[in-house]
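In our numbering, the protein residues as written are 14 to 236.
Note that beta-carbon positions come from the ideal geometry of N, C-alpha and C, so glycine has one too.
Everything below concerns the one structure shown next.
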């Protein structure tokens, strides 16, 4: 009977060893799965942090761009026809006026002096320190370079048949501009509400982005 007991002990030992091995393998698999899960969690966290960083940086860039460089503007009304139509979508260049001053002929977007909650678009005609005279349908500019005055040639952006109505003799102060709409017959501008202070000017029309068949980059007219 002793051999039988010996065989039983051997079988029991073998079974215990197999169970231990199986337990180790199970523990190894569990540890592997746990490690894989942790790696996935780490990857997800890294991805989330990177995404948040990208979003934050993008928002900062958008804020800076919209506040100090460019911003969109929809033309509302017909005061700048034919240069700009109602519904045109413009990109306004704000940075240029942070670095320099508006020039004659540039189309500026500004807060309406009588109601700063409204935004207007007009063309710069008279610069600080100049005198603007409107008479017999023509605009004459007097400044240090032209003491006798010169008649403003607007043929680059207006039809030669267009005349400027009104009788005006306006002396501009150090930070004052004289602005007019291109649609001279239907524009509320400096002829109606007076000069435009520099502090009201936001930027100049840079790009027309809509409609697509009228996309255009605007430059400063040369007189």
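Any idea what DSSP makes of residue i, helix, strand or coil?
i, result
"residue 133", "strand"
"residue 220", "strand"
"residue 55", "helix"
"residue 14", "Note on residue 14: pLDDT 48, under 50, position unreliable in the model; the coordinate value appears next. Here residue 14 sits in coil by DSSP."
"residue 205", "helix"
"residue 160", "coil"
"residue 185", "coil"
"residue 226", "helix"
"residue 85", "strand"
Based on DSSP bridge pairs, tell me the residues matched to residue i.
i, result
"residue 64", "According to DSSP, which records beta bridges pairwise, residue 64 is partnered with nothing at all."
"residue 140", "In the DSSP output, where bridge partners are listed per residue, residue 140 has none listed."
"residue 155", "144"
"residue 128", "125"
Quick check: residue i and residue j, are their CB atoms within less than 8 Å of each other?
i, j, result
"residue 219", "residue 54", "no"
"residue 145", "residue 181", "yes"
"residue 187", "residue 142", "yes"
"residue 177", "residue 160", "no"
"residue 195", "residue 95", "yes"
"residue 92", "residue 200", "yes"
"residue 214", "residue 123", "yes"
"residue 198", "residue 102", "no"
"residue 62", "residue 231", "no"
Using only the heavy atoms of the ligand FMN, determine whether one of them is closer than 7 Å to the beta carbon of residue i.
i, result
"residue 180", "For the ligand FMN, the structure offers nothing, since it holds no ligand at all."
For my contact list, residue i and residue j are in at a C-beta cut-off of 8 Å; report their separation, rounded to the angstrom.
i, j, result
"residue 125", "residue 217", "Contact doesn't hold; Cβ gap of about 17 Å is too wide."
"residue 234", "residue 170", "6 Å"
The beta strand (DSSP E) with residue i in it runs from where to where?
i, result
"residue 189", "189 to 193"
"residue 171", "That residue, residue 171, is in no beta strand (DSSP E); it is neither H nor E in DSSP."
"residue 102", "102 to 106"
May I ask which residues mark the beginning and end of the alpha helix (DSSP H) holding residue i?
i, result
"residue 125", "That residue, residue 125, is in no alpha helix (DSSP H); its beta strand (DSSP E) goes 120 to 125."
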